[in-house]
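Heads up, the thing below is written out as structure tokens.
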Amino acid sequence: MLASLTQPSLSQGRGFRPSFFLMKRIILALLTVISLVPFLLSLVGSLEEPQVQSQLQLSQTNLLLQASAWQGKGESGTWRETLQTALLESQPQQGGLKQYEIAVQELTDYLDRLKNQQATLETSPNVNPAPIQAVIAKNQKTLNQIQINLGLLQYAENQTQKSLDTWQSVVSNGEPNEQEIATVLIALQQAEPIPSNAEAVINSQLKGWFRWQGLTQLYRRQGNLESLDQVCDTPACGALQTEVEKASQRALVKLALLNSLPLLGGGIGVLLMIGLLLQWALGREKAILATNAKTRWDTPWNWETTWQVLVVGFFFPSQIVLPLVVGVLPLPMADLSLMGKAFYVLATYGAIAAVGLGSLFVSLKDFRPLPQDWFTLRPNFGAILWGLGGYLVALPLVVLVSLVNQEIWQGQGGSNPLLSLALDSQNWLVLGIFFFTAAVLAPVFEEIIFRGFLLPALTRYFPVSVAIILSSLLFAIAHLNVSEILPLFVLGSILGLVYSRSRNLLSSMILHSLWNSGTLLSLFILGGS
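Numbering-wise (our numbering), the sequence shown opens with residue 347 and increments by one.
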């Protein structure tokens, strides 16, 4: 190892002076330190940010509540009960109430921390408090919307006074449109005069099951139905019941897709994993997992070139150059539409990928032609098998680790902002942009950098297994969310295993693309709830 550390690079034998390499290392060191400051600040800052997991759980809760309203008209009672028992909780409203109470508490705690930070910033000179004020306003709006829904769940569970207190909190802290819907709901519960625009307010401010609940209460009040045993047979009630039946059936289909696909894939993955481990235990050297397990790549450059590619091609552009460029451009990020944000994500990620791949190309130009197995892309059936097999194995492992991870971070630790954007989108063009970014551009760029370049380069100094671990750790940390480090490390390890065994970069790209595509599909299904 010491000999390889001191071995001169190819370019050193071409007449470059030692002072050139000294200056180059000094510049690389400076760029590394400069890049690490915002990198570490972002990583530490994610500790205070909520995970998108809470938002995903609320979306799934909304879907469960919608599906629970299905009466199965025209279907046999046994079939309806079997389907709902398989997919729904025994008491979906109680489960939904619990999830919403947890979400309110987590968001309230986060807002308290933000307000403490704001108070500290306001005492500091030359600090602009506007960014944190915008974050507080955005999260307060989200909290108000969650509390409006929470009040409806509390009322459905006969917690009338709690629901009134919850809505009164929105009246005190909310924006005009939020105050308006809270006032309408309070009026419905307290037998107060109903505003003339109550139906329009409910239709515009509530969605899904919560809208159905609000309209049901309104129509019952309008029909003077005091008892729940009295059937509402007005035209408005009939139209609502027809809508609920159709929408709840669609929600049940969505739930079936959300649960069956991962369950089926995960089950196959567990069986595949057991089979591979048994084959490895019995066959060892002849097993599939043993293929190329100890075969290192022939790496003609030293650690300095690897360092250069990572810093100049990845960390410095993403942490320093891009924020500076975006800061100079007149981009009102807070006012951008979802379409605008989608194009922004595509443009910024595309720019980082272009700079990274360009830096890689320039850094390795003196070493071409590259030795065997470097950046190999073989479009064959084996690549598909390795990619699909790796995806199936990753499903149960990452899900299991994610469950443990949730207990560790308790809703904190940040998340990829793309998840929230994709969850909010039901526009096909926006989803197409997100899909291209996450399922095409990201797998190509990240697999070339982390598996195609970093992993093989590390095998110059470490065994293949250690190189997989180190490259996977950097891959996980580079996503800048502490709550995602453990799941992404497991995913990165499987990606590294697939690439090191197949020696085909297309295999890990397929796996990576399948993973991101599955995530986007789940978000699309949940987003409509």
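Even for Gly, the Cβ is constructed at its ideal location relative to N, Cα and C.
How big is the Cα-Cα spacing for residue i and residue j?
{"i": "E830", "j": "T865", "result": "14 Å"}
{"i": "V810", "j": "K640", "result": "6 Å"}
{"i": "N605", "j": "I492", "result": "25 Å"}
{"i": "L561", "j": "Q437", "result": "22 Å"}
{"i": "L607", "j": "Q595", "result": "18 Å"}
{"i": "A688", "j": "W626", "result": "45 Å"}
{"i": "P725", "j": "W732", "result": "12 Å"}
{"i": "K600", "j": "E503", "result": "25 Å"}
{"i": "N474", "j": "V671", "result": "19 Å"}
{"i": "S705", "j": "V390", "result": "28 Å"}
{"i": "D770", "j": "L834", "result": "23 Å"}
{"i": "Q445", "j": "G798", "result": "42 Å"}
{"i": "S365", "j": "L820", "result": "31 Å"}
{"i": "S868", "j": "L586", "result": "28 Å"}
{"i": "G696", "j": "L787", "result": "7 Å"}
{"i": "V547", "j": "G520", "result": "15 Å"}
{"i": "I482", "j": "L443", "result": "25 Å"}
{"i": "Q535", "j": "Q500", "result": "12 Å"}
{"i": "Q486", "j": "G673", "result": "26 Å"}
{"i": "T651", "j": "V708", "result": "11 Å"}
{"i": "L460", "j": "L598", "result": "38 Å"}
{"i": "L860", "j": "T722", "result": "20 Å"}
{"i": "L377", "j": "V658", "result": "8 Å"}
{"i": "V655", "j": "L531", "result": "59 Å"}
{"i": "A803", "j": "L368", "result": "22 Å"}
{"i": "S550", "j": "P539", "result": "20 Å"}
{"i": "A533", "j": "E394", "result": "38 Å"}
{"i": "T580", "j": "V616", "result": "53 Å"}
{"i": "F660", "j": "A693", "result": "16 Å"}
{"i": "S748", "j": "L832", "result": "8 Å"}
Looking at the structure shown, is residue i part of a helix, part of a strand, or coil, going by DSSP?
{"i": "P541", "result": "coil"}
{"i": "P396", "result": "strand"}
{"i": "G569", "result": "coil"}
{"i": "D644", "result": "coil"}
{"i": "K461", "result": "helix"}
{"i": "R806", "result": "coil"}
{"i": "P725", "result": "coil"}
{"i": "D719", "result": "coil"}
{"i": "L348", "result": "Note that L348 scores 40 on pLDDT, short of 50, meaning its location in the model is unreliable; the coordinates nonetheless yield the value given after this. Helix."}
{"i": "G735", "result": "helix"}
{"i": "N605", "result": "helix"}
{"i": "W314", "result": "In the structure as shown, the chain starts at 347 and stops at 875, and residue 314 therefore has no counterpart that could be examined."}
{"i": "P384", "result": "helix"}
{"i": "N408", "result": "helix"}
{"i": "G441", "result": "helix"}
{"i": "N638", "result": "coil"}
{"i": "L777", "result": "helix"}
{"i": "L675", "result": "coil"}
{"i": "V812", "result": "helix"}
{"i": "N751", "result": "helix"}
{"i": "S664", "result": "helix"}
{"i": "A633", "result": "coil"}
{"i": "T562", "result": "helix"}
{"i": "P789", "result": "helix"}
{"i": "S470", "result": "coil"}
{"i": "P475", "result": "coil"}
{"i": "Q772", "result": "coil"}
{"i": "W580", "result": "In the sequence as presented, Trp is not what sits at residue 580; that position holds Thr. In the structure shown, T580 sits in coil (DSSP, three-state: anything other than H, G, I, E or B)."}
Residue i and residue j look like a contact to me (Cβ under 8 Å); what is the Cβ gap, rounded to whole Å?
{"i": "N762", "j": "N827", "result": "7 Å"}
{"i": "F791", "j": "S381", "result": "The Cβ separation is near 18 Å, so there is no contact."}
{"i": "G728", "j": "N850", "result": "7 Å"}
{"i": "E318", "j": "L496", "result": "No statement about residue 318 is possible, as the shown extent of the chain runs from 347 to 875 and does not include it."}
{"i": "L764", "j": "V691", "result": "6 Å"}
{"i": "L872", "j": "L402", "result": "6 Å"}
{"i": "N751", "j": "L684", "result": "In fact, because the Cβ distance is near 28 Å, the residues do not count as touching under 8 Å."}
{"i": "G554", "j": "Q412", "result": "5 Å"}
Looking at the ligand PLP, does it come within less than 8 Å of residue i, judged from the CB to the closest heavy atom?
{"i": "I448", "result": "Among the ligands in the structure shown, none appear at all, so the ligand PLP cannot be discussed."}
Taking CB distances under 9 Å as the criterion, tell me whether residue i reaches chain C.
{"i": "Y565", "result": "Among the protein chains of the structure shown there is no chain C, as only one such chain exists."}
Next on the checklist: When you compare the stretch 453 to 470 with the stretch 501 to 519, are there three or more beta-carbon pairs, one atom per stretch, that lie closer than 8 Å?
Outcome noted: no
Checklist entry - On the three-pair Cβ rule with 8 Å, is the stretch 727 to 747 touching the stretch 847 to 856? => result yes
Next on the checklist: Any contact between the stretch 666 to 675 and the stretch 691 to 710? By contact I mean 3 or more CB pairs, one from each, below 8 Å.
Outcome noted: yes
Item to check | Residue ranges of each alpha helix (DSSP H) within the stretch 681 to 717, 4 or longer | outcome: 684 to 709
Checklist entry - Should the stretch 522 to 539 be called in touch with the stretch 462 to 474, which here means at least 3 C-beta pairs below 8 Å? => result no
Next on the checklist: Please give me, in chain order, every unbroken run of the beta strand (DSSP E) with length at least 3 that falls completely inside the stretch 814 to 873.
Outcome noted: none
Next on the checklist: Which complete alpha helix (DSSP H) runs does the stretch 480 to 560 hold, if anything under 4 residues is left out?
Outcome noted: 506 to 519, 522 to 535, 544 to 551
Checklist entry - Counting pairs of Cβ atoms below 8 Å between the stretch 832 to 840 and the stretch 712 to 720, do you hit three or more? => result no
Item to check | Cβ pair count under 8 Å reaching 3, the stretch 579 to 594 against the stretch 547 to 565 | outcome: yes
Next on the checklist: Any contact between the stretch 841 to 848 and the stretch 635 to 653? By contact I mean 3 or more CB pairs, one from each, below 8 Å.
Outcome noted: yes
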